[in-house]
Structure formats: C-alpha cells, structure tokens
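Peer 1: Here the sequence shown is numbered in full-length UniProt numbering, starting from 1 and rising by one per residue.
No residue lacks a Cβ here, since even glycine has one placed at the ideal position from N, Cα and C.
Quick caveat, the model's predicted, so the values are computed rather than measured.
This is the structure I want to talk about, given as structure tokens.
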Amino acid sequence: MKKVPEHQRPKHVKQGVGELLFTIDSQCILAECALWHAPEQAIYWVDIVGAKIQSYQPSTKHLVTYEVPHRIGCFAFTEIPNQIIAAFDIGIARYQLDTGELEWLAQPEKHISHNRFNDGRADRQGRFWAGSMSELDDLQSDKVVKGALYCLSSSSSDTVSCQSKVQEVLISNGLCWSKDGKTMYHADSPERRIYAYDFEPQNALLSNKRIFAETTGHCFPDGSIVDADDYVWNAQWGASRVVRYTPSGKLDLCLSLPVSQGSSVAIGGPNMDWLIVTTAKHSLAPERLLEEPQAGNIFVYQLHSIRGIKEPICLL
Numbered sequence: 001m002k003k004v005p006e007h008q009r010p011k012h013v014k015q016g017v018g019e020l021l022f023t024i025d026s027q028c029i030l031a032e033c034a035l036w037h038a039p040e041q042a043i044y045w046v047d048i049v050g051a052k053i054q055s056y057q058p059s060t061k062h063l064v065t066y067e068v069p070h071r072i073g074c075f076a077f078t079e080i081p082n083q084i085i086a087a088f089d090i091g092i093a094r095y096q097l098d099t100g101e102l103e104w105l106a107q108p109e110k111h112i113s114h115n116r117f118n119d120g121r122a123d124r125q126g127r128f129w130a131g132s133m134s135e136l137d138d139l140q141s142d143k144v145v146k147g148a149l150y151c152l153s154s155s156s157s158d159t160v161s162c163q164s165k166v167q168e169v170l171i172s173n174g175l176c177w178s179k180d181g182k183t184m185y186h187a188d189s190p191e192r193r194i195y196a197y198d199f200e201p202q203n204a205l206l207s208n209k210r211i212f213a214e215t216t217g218h219c220f221p222d223g224s225i226v227d228a229d230d231y232v233w234n235a236q237w238g239a240s241r242v243v244r245y246t247p248s249g250k251l252d253l254c255l256s257l258p259v260s261q262g263s264s265v266a267i268g269g270p271n272m273d274w275l276i277v278t279t280a281k282h283s284l285a286p287e288r289l290l291e292e293p294q295a296g297n298i299f300v301y302q303l304h305s306i307r308g309i310k311e312p313i314c315l316l
C-alpha cells in the first residue's frame, strides 16, 4: 500500500488498509457494482459484459451465478427477498433473481443505439439512481449521444417516475452520497473528474456543482463509496489503484492493486471493515492479460480503524 506523505495528510488520520484477505476467482470480463449484503453476509457484484450477477459467501466460500437477460450495469437490493432494482443496458427494471421475472420501470434511452446504463445505486431515501454512457470508441465522434444520470422515485399512488438529474454525461460513474445524505458525488470518467453537489434529500434536488477531485493521464475515476468517516473511496480505472479522499477532496490513502482496471469498491464484512474491489479484463490486449492473470477477480482487503456504512435499500 502506498500512502500519501505524512506532511500532506490530515494529522488526525491514523487509519489505513492492511493485507489482502482473499481473492474471489470470478474472472469477470467487466465486474462492477460491488455490494455487501448484510442479511446474507455475502458479497455481490455484476459482470456487465457477461450479463450476470454473482454472489459469494466468505464463510462457506460458496459462489453463486445468476444469468440475467440483458447486460447489467448496477442494481440495488429491496425489502423483498431475491428482488432487486436493476439498471440493464436498455432500461431499469424490477427483477426476481430466483424466477427471472422482469418488470420494466423506465427505458429513457432505449432508442439510442450506442448508449447503455452503467453505474448507479440507491440513495439514503430509497430512490434508485442510474447513469448512462456512450459505448462508441471515439467519444469525440459526431455520432455520440451523451447520456445522463436518472433518478427513479415512487409516489403515494405507487407509480414510478424517472427524471433526468444530470445531463451531458459521457460515462456516468462514481455515484455515492455523504453520511448525512446532503452531498452527492458523481463522476464523468472521460473528464477525469469527480463532482460534488449539494443534495436536498426530501426532493432529490441538486445544486452547487463543483469539482471534488481530478485525475490525470491514463487514470479514470470509476466506482465510489463513502465510509463511516465521510471519506470517499474511488476505484481508478487504468491506474492500478484505489484511493481515499478526505471530505474536502484531498488525497488521503492510495492502495496499489495487482491489476490495472479497478472498477468499483464497497465496504462490508462481518465487522464492516473489509474493502471489496472489483476489477476487469475488458479491453486488455492479450499480452497484457498474460501480465495480469488476476484481472476480472474480486479482491478483499482488511481495513484498520475504518468502517463502512450500511448500504441503503431501494424502496421502489
């Protein structure tokens, strides 16, 4: 683990990341959306390209794979066992893991052939958010239709509405909220920026957009999570690392990964002190895959004096 020099770190911070506890040999093409499911004491994630959801119980070492009917970017647990809210490539739906039953809730970009849903999660009020992205290789092409960040919420009549909250997004990533739910973080990966917004929890209103953190070179902000200290963890695609930012956006810790494409992070485990990192082998050249045989696996590290926050349940 690489740490920021002591003189650049806040004096009160004494935490860190320890040893690699275990690796899950999932060999996903594009693993994303790491989630800790406390009732099952299990780690969940998706393989976007492989169109599957996987779960792993560390106590039993039992790996379960759920094949899904479409590529899946992200999901959230609900109060109903085996039911999730999932952002598939062409829309957002209620989905039953055990039966495969699917009910579409919103498909705002189904008509855009080169766009799909990517990163998302439930907010602390139980709404579901998911962002879209362009899949074109040349993001400067005239054919690119920029995506957006959408919020799904339900009314007293149980109808579900879908609203576009952030527009003109190339690749939506890094969505998470502060502990009090009053700050939202969101990244547009090709811009190499994580933005922060003031968030009004009752009505999901966004304001005061500002740059929270920036990266350079072949280092793109991907999935994020907020810990119990209100610090932001971010997997940085292409840079072989996960970083931790202070609430003011200063770099605090840097964890080196054995693969180049870290894609998402979660904090879980029996004591909520495991750092869970998904990775990908998507787009790696054959010679690079020989150098990164663990690309696509899930890595779990021990945290020291750092705890996570329980993942919100989607109430749709």
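Starting from the N-terminal side, write out each stretch of the beta strand (DSSP E) that is 3 residues or longer and does not extend beyond the region 115-191.
Peer 2: Taking only runs of at least 3 residues, the beta strand (DSSP E) segments lying wholly in the region 115-191 are 115-122, 128-134, 147-154, 160-169, 172-177, 183-188.
Peer 1: Do L30 and D47 come within 9 Å of each other at the CB atom, strictly closer than that value?
Peer 2: Yes, the Cβ-Cβ distance between D47 and L30 is below 9 Å.
Peer 1: Out of curiosity, what's the CA-to-CA distance linking A285 and V160?
Peer 2: Approximately 42 Å, taken between the alpha carbons.
Peer 1: Kindly list the residues whose CB is nearer than 6 Å to the CB of Q167, restricted to its own chain and excluding five residues on each side of it in sequence; keep chain order.
Peer 2: A148
Peer 1: Return yes when the Cβ of W237 is within less than 9 Å of the Cβ of L275, no when it is not.
Peer 2: no
Peer 1: Any idea what DSSP makes of P312, helix, strand or coil?
Peer 2: coil
Peer 1: Could you check which residue in I43, P69, G16, V243 has the C-alpha nearest to that of P270?
Peer 2: I43
Peer 1: With DSSP run on the structure shown, which of helix, strand or coil describes A292?
Peer 2: Residue 292 is actually Glu in this sequence, not Ala. E292 falls in the coil class under three-state DSSP.
Peer 1: Among residues of its own chain, excluding the 5 on either side of I298, which ones have a beta-carbon nearer than 6 Å to its beta-carbon?
Peer 2: The beta carbon of I298 lies closer than 6 Å to those of I24, S26, T278 in the same chain, with the five residues before and after it left out.
Peer 1: In terms of alpha-carbon separation, which member of F117, S59, F199 lies closest to E135?
Peer 2: F117
Peer 1: Suppose you measure from the CA of I72 to the CA of I211; what does that come to, to the nearest Å?
Peer 2: 28 Å
Peer 1: For the 8 Å Cβ check, are there 3 or more pairs between the region 87-94 and the region 58-67?
Peer 2: no
Peer 1: Work out the CA separation of Q41 and Y185 for me, nearest whole Å.
Peer 2: 27 Å
Peer 1: Which whole-angstrom value is the C-beta distance of S224 and G268, which I expect to be below 8 Å?
Peer 2: About 15 Å; that fails the 8 Å criterion.
Peer 1: Could you tell me which of D123, P312, Q140 sits nearest to Y150, measuring between CA atoms?
Peer 2: D123
Peer 1: Could you tell me which residues DSSP puts in a beta bridge with Q27?
Peer 2: Answer is none; Q27 lacks a bridge partner.
Peer 1: Since G223 is in the beta strand (DSSP E), which residue starts that stretch and which ends it?
Peer 2: 220-226
Peer 1: Is the beta carbon of M272 sitting closer than 9 Å to the one on I313?
Peer 2: no
Peer 1: Nearest by alpha-carbon distance to residue 317: which of R192, E67, F199 is it?
Peer 2: Lying before the first or after the last residue shown, residue 317 is absent from the chain, which here runs from 1 to 316.
Peer 1: Output needed for L97: all residues of its chain with C-beta closer than 8 Å, excluding positions within five of it in sequence on either side, in chain order.
Peer 2: I53, Y66, N82, Q83, I84
Peer 1: What did DSSP end up calling E79 once you bin it into helix, strand or coil?
Peer 2: coil
Peer 1: Which same chain residues end up closer than 8 Å to E79 when comparing Cβ atoms and leaving out the 5 residues on each side of it in sequence?
Peer 2: If you ignore the 5 residues before and after E79, its C-beta comes within less than 8 Å of the C-beta of I313, L315, all in its own chain and listed in chain order.
Peer 1: With burial defined as no fewer than 16 other Cβ atoms inside 10 Å of the residue's Cβ, what is the status of P69: buried or exposed?
Peer 2: exposed
Peer 1: List the DSSP bridge partners of N297.
Peer 2: BP columns for N297 are empty, so no partner.
Peer 1: Nearest by alpha-carbon distance to E291: which of W104, D138, P39, S240 is it?
Peer 2: S240
Peer 1: Give me the residue from S264, S260, A76, L257 with the minimum Cα distance to G126.
Peer 2: A76
Peer 1: How would you call L205, buried or exposed, if buried means at least 16 neighbouring beta carbons within 10 angstroms?
Peer 2: L205 comes out exposed.
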